[in-house]
Amino acid sequence: MDLPDFLNLYDKYRNVFYRLFFPGFEMDQLGEDLNYRDLIISRPYLGVMVLDSDLNIIGEHVFDKFQIYTLSNRFVGKKGLYLSMNNIFDPDYDEEMFRYLIFTPELGVIDDAFYE
C-alpha cells in the first residue's frame, strides 16, 4: 500500500525540521488479521526525516510496526519530538496511560515518557 502522506514540524530547540511520512508496505507483510479499515485508525509504520535549516536531509528513521500512533498527538518540546505510542494495535497499549516516544536527530529514540 503506497499512499504518501506527509507532515512537517519545526524544532526551534535544534533548528531542524521533522518530516513525518508513511512508508509504503504490503498488507501480506503485516502477518496479522488486519483489514484496510484498520488502517484508517492507524498506519503500521511511521517514518521521520530530519532536515536542516536549508532543508537538506540529515537523517531518517522508520519506527517499528505499530510502535507509534500515526494519526495525531505529536509535538516538539525541549527534549525532542514527542510521538504518541498509544496505538491500539501495539501489544503494550494501555488505555489508562499516555505514552510518548521522544526522538532527537542526535540520539534517535532517547526515552519513553509516561503520563497517567
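Numbering-wise, my numbering puts 604 at position 108 of the sequence shown, and it's gapless, one number per residue. Glycine included, each C-beta is placed from N, C-alpha and C at the ideal position. What you are looking at is a predicted structure, and each value in this text was computed from that prediction instead of being measured.
Those residues which DSSP pairs with residue i across a bridge
i	result
ASP507	VAL512
SER580	TYR596
GLU556	MET545
ARG539	None; ARG539 has no bridge partner.
Alpha carbon of residue i to alpha carbon of residue j, nearest angstrom
i	j	result
TYR565	TYR541	9 Å
GLY543	LEU579	11 Å
ASN504	MET581	19 Å
PHE517	ARG539	10 Å
ASP560	ASN569	18 Å
MET497	GLU592	Below a pLDDT of 50, predicted positions are generally treated as unreliable, and MET497, at 40, falls in that range; the measurement from the model is reported next regardless. Taking the straight line from one Cα to the other gives about 32 Å.
ASN583	ASN552	31 Å
ASP588	LEU597	13 Å
PHE571	ASP590	21 Å
Chain-order list of residues whose beta-carbon lies under 6 Å from that of residue i (same chain, five-residue window excluded)
i	result
ASP586	PHE562
TYR509	LYS574
Integer-rounded CB distance, given that residue j should sit under 8 Å from residue i
i	j	result
LEU577	PHE599	4 Å
Proximity to residue i [Cα-Cα], best of the options
i	options	result
MET545	ASP590, TYR506, GLU592 and TYR596	TYR506
ASP550	GLU592, ASN583 and TYR514	TYR514
Close-in-space but distant-in-sequence residues of the same chain around residue i (CB under 8 Å, 5 per side omitted)
i	result
ILE554	VAL512, VAL546, LEU547, ASP548 and PRO601
GLU556	GLY543, VAL544, MET545 and VAL546
Same chain only: Cβ atoms within 7 Å of residue i, ignoring 5 sequence neighbours per side
i	result
VAL558	PRO519, TYR541 and GLY543
Any chain D beta carbon closer than 9 Å to residue i
i	result
LEU542	The question asks about chain D, but that chain is absent: this structure has only one protein chain.
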